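Everything below concerns the one structure shown next.
2 protein chains.
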Amino acid sequence: MARPAQPILSAEIITVAALRAVDATGDFTMPGIAKELGVRPSSLYTHVSGRAEIVELMRMRLLSGIPVADESQGWSKRVASMAWEYRRTAAKHWRLIPLLAAHTARTGAVFGIDNALAQAFSDGGLAPAEVLHAISTLDSLVIGSVLDLATPDVVWTEAPNANEAMAAALATSGPNPGRADAAFEFGLRTLITGWLAQALTGVLDSAAISVPGNAAV
Amino acid sequence: MARPAQPILSAEIITVAALRAVDATGDFTMPGIAKELGVRPSSLYTHVSGRAEIVELMRMRLLSGIPVADESQGWSKRVASMAWEYRRTAAKHWRLIPLLAAHTARTGAVFGIDNALAQAFSDGGLAPAEVLHAISTLDSLVIGSVLDLATPDVVWTEAPNANEAMAAALATSGPNPGRADAAFEFGLRTLITGWLAQALTGVLDSAAISVPGNAAV
DNA sequence: ACCTGAACACCGTTCAAGT
DNA sequence: ACCTGAACACCGTTCAAGT
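Protein sequence lines, in the order shown, are assigned to chains A and B.
Every letter in the first sequence is one number past the one before it in numbering that gives the first Met the number 0, and letter 163, counting from 1, is 162.
Every letter in the second sequence is one number past the one before it in numbering that gives the first Met the number 0, and letter 11, counting from 1, is 10.
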């Protein structure tokens with residue numbers, strides 16, 4: 000049975016098996032997913048160039064699965080709801096995130112979430128260059144927050160040599176996932192407040208510039 | 000020469016060798032650093048419990064090396080300068096960051112940078128619970144930004160299926176490290192603006208609460 | 001206490017061979 | 001085109017043995 004009548008494998012089947020292994024154990028191996036699929040390790044290479052491509056396929060699967068906010072709402076509401084959707088999706092596969100961080104992305108794909116965020120920030124009055132930066136910032140917050148989700152509680156509860164301010168802060172800290180959730184909520188609020196203030200400043204600036212020359216505000 | 004008169008190895012020597020390997024190649028192996036140190040791989044285990052501990056030692060070495068701002072400046076200035084120092088230190092060893100992200104921290108150590116940030120945010124009027132969240136947020140931005148530094152330019156320049164807003168944003172994007180630097184600067188400014196606004200809101204809130212009862216503002 | 005040498009179980013990847 | 005089987009170079013870790 001060297002060549003089955005119907006192919007057993009496909010890139011997608013391999014990706015799903017790898018993702019299931021990552022969700023369960025935090026990592027995956029070629030022999031591991033081969034055994035899971037009832038196949039020999041070398042067979043995987045017919046459908047996939049190697050381990051790195053499997054990681055990349057998992058990244059694309061994750062990012063393309065994030066729900067996008069409909070455009071009827073205001074831009075900051077859209078950003079907030081998509082940030083939460085992004086985080087919810089990433090948190091569902093939180094053990095995958097360190098793996099994605101370890102491998103550098105080699106795909107030039109722009110996903111639905113990227114486009115929708117660009118539209119929202121653009122609607123918010125950010126300049127094109129700022130739009131990219133804002134997306135990067137939001138990305139950092141989500142990824143960082145989900146990496147934080149993987150950090151054992153012990154890191155934050157044991158605190159030798161903490162100063163007074165740090166000790167007081169640590170005293171308020173509960174276990175995960177509540178801690179990381181709360182930090183994300185606070186961080187997202189900070190960002191949106193900051194973006195709103197910057198967008199407002201932009202409006203004021205252009206108003207100040209245009210006022211002397213003509214009456215259009 | 001099974002037991003040298005003077006020990007050849009130490010945890011620190013091993014850590015430095017590993018860090019040098021990571022800086023040069025993006026990863027390290029036990030045989031690799033053993034050869035670098037003129038020793039057999041099994042010898043490393045006399046000073047270190049294994050690969051995971053070496054990663055942890057590198058993490059501690061990185062974090063404890065971040066310069067701390069002196070307290071004479073205002074809190075937001077301190078936060079900004081430490082954020083930049085944090086990023087500068089992390090960027091100097093940018094290939095280490097994915098490795099740190101892949102391994103979950105198991106150390107409960109609070110570093111100088113943590114204490115100084117806690118002090119600064121506390122001075123800024125954030126509540127103790129918010130202090131921890133603010134530190135987490137800043138951490139996410141720095142880590143995310145340095146991970147971004149490792150992303151090849153091709154990811155952002157090739158853009159099939161980008162919408163108008165995204166295409167305009169991508170058109171402004173130059174190569175790394177400038178791109179990631181600019182994104183970090185923008186993100187940091189957004190955060191500080193947001194924190195200032197939130198701190199201000201806190202002041203206003205407590206003012207509103209205290210005014211009816213007595214005259215102290 | 002510190003390093004060696006041999007050994008173990010494992011990994012990712014290649015490639016000729018079968019259908 | 002798709003899977004197998006054998007092979008390769010490599011890895012992290014253990015442990016008895018030497019000084």
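Glycine included, each C-beta is placed from N, C-alpha and C at the ideal position.
Since the model is a prediction, treat every value here as computed from it, not as a measurement.
Is it the case that the Cβ atoms of residue i and residue j are separated by a distance below 9 Å?
{"i": "T272 (chain B)", "j": "P127 (chain A)", "result": "Because chain B spans 0 through 216 in this model, residue 272 (chain B) falls outside it and cannot be assessed."}
{"i": "L146 (chain B)", "j": "S139 (chain A)", "result": "yes"}
{"i": "L125 (chain A)", "j": "L99 (chain A)", "result": "no"}
{"i": "M136 (chain B)", "j": "A182 (chain A)", "result": "The amino acid occupying residue 136 (chain B) in the given sequence is Thr; Met does not appear at that position. Yes, the Cβ-Cβ distance between T136 (chain B) and A182 (chain A) is below 9 Å."}
{"i": "L36 (chain B)", "j": "L131 (chain A)", "result": "no"}
{"i": "G111 (chain A)", "j": "V67 (chain A)", "result": "yes"}
{"i": "A10 (chain B)", "j": "I32 (chain B)", "result": "no"}
{"i": "A133 (chain A)", "j": "T189 (chain B)", "result": "yes"}
Would you mind sorting residue i into buried or exposed? The rule is 16 or more other CB atoms within 10 Å of its CB.
{"i": "P40 (chain B)", "result": "exposed"}
{"i": "G193 (chain B)", "result": "buried"}
{"i": "I7 (chain A)", "result": "exposed"}
{"i": "T28 (chain B)", "result": "exposed"}
{"i": "E129 (chain B)", "result": "buried"}
{"i": "V218 (chain B)", "result": "The first residue shown for chain B is 0 and the last is 216, placing residue 218 (chain B) beyond what the model contains."}
{"i": "E70 (chain A)", "result": "exposed"}
{"i": "G123 (chain A)", "result": "buried"}
Helix, strand or coil for residue i? Go by DSSP, reduced to three states.
{"i": "L61 (chain B)", "result": "helix"}
{"i": "R87 (chain A)", "result": "helix"}
{"i": "W93 (chain A)", "result": "coil"}
{"i": "V153 (chain A)", "result": "helix"}
{"i": "P159 (chain B)", "result": "coil"}
{"i": "A82 (chain B)", "result": "helix"}
{"i": "Q118 (chain A)", "result": "helix"}
{"i": "A207 (chain B)", "result": "With a pLDDT of 49 at A207 (chain B), under the threshold of 50, the modelled position of that residue is not reliable, and the figure given next carries that caveat. In the structure shown, A207 (chain B) sits in a helix (DSSP, three-state: H, G or I)."}
{"i": "E55 (chain A)", "result": "helix"}
{"i": "A4 (chain A)", "result": "coil"}
{"i": "E184 (chain A)", "result": "helix"}
{"i": "H132 (chain A)", "result": "helix"}
{"i": "P66 (chain B)", "result": "coil"}
{"i": "A193 (chain A)", "result": "Before going further, note that residue 193 (chain A) is Gly rather than Ala in the sequence given. Reduced to three states, the DSSP call for G193 (chain A) is helix."}
{"i": "S71 (chain B)", "result": "coil"}
{"i": "P174 (chain B)", "result": "coil"}
{"i": "A16 (chain A)", "result": "helix"}
{"i": "G37 (chain A)", "result": "coil"}
Check the C-beta distance from residue i over to residue j and give it rounded, since I have them as a contact under 8 Å.
{"i": "V38 (chain A)", "j": "I191 (chain A)", "result": "The Cβ separation is near 48 Å, so there is no contact."}
{"i": "Q118 (chain B)", "j": "A90 (chain A)", "result": "Rounded, the Cβ-Cβ distance is 31 Å, inconsistent with contact."}
{"i": "L148 (chain B)", "j": "P174 (chain B)", "result": "Wrong, their Cβ atoms sit about 11 Å apart, outside the cutoff."}
{"i": "A51 (chain A)", "j": "H102 (chain A)", "result": "6 Å"}
Could you compute how far the alpha carbon of residue i sits from the alpha carbon of residue j?
{"i": "A23 (chain A)", "j": "R94 (chain A)", "result": "8 Å"}
{"i": "S80 (chain A)", "j": "A108 (chain B)", "result": "35 Å"}
{"i": "I142 (chain A)", "j": "R86 (chain A)", "result": "8 Å"}
{"i": "T200 (chain B)", "j": "G186 (chain A)", "result": "16 Å"}
{"i": "Y44 (chain B)", "j": "A158 (chain A)", "result": "28 Å"}
{"i": "I96 (chain A)", "j": "P3 (chain B)", "result": "44 Å"}
{"i": "Q197 (chain A)", "j": "I13 (chain B)", "result": "47 Å"}
{"i": "V54 (chain B)", "j": "A1 (chain A)", "result": "43 Å"}
{"i": "A115 (chain B)", "j": "V15 (chain B)", "result": "26 Å"}
{"i": "S63 (chain A)", "j": "M59 (chain B)", "result": "36 Å"}
{"i": "S75 (chain B)", "j": "L195 (chain B)", "result": "8 Å"}
{"i": "N160 (chain A)", "j": "A104 (chain A)", "result": "38 Å"}
{"i": "P211 (chain A)", "j": "T88 (chain A)", "result": "Bear in mind that a pLDDT of 37 at P211 (chain A), under 50, signals an unreliable position, so the number given afterwards is only what the model happens to contain. If I take the Cα positions, the gap works out to 49 Å."}
{"i": "P30 (chain A)", "j": "Q5 (chain A)", "result": "22 Å"}
{"i": "S144 (chain A)", "j": "I65 (chain B)", "result": "22 Å"}
{"i": "M57 (chain B)", "j": "N162 (chain A)", "result": "24 Å"}
{"i": "Q72 (chain B)", "j": "K34 (chain B)", "result": "48 Å"}
{"i": "D113 (chain B)", "j": "E84 (chain A)", "result": "30 Å"}
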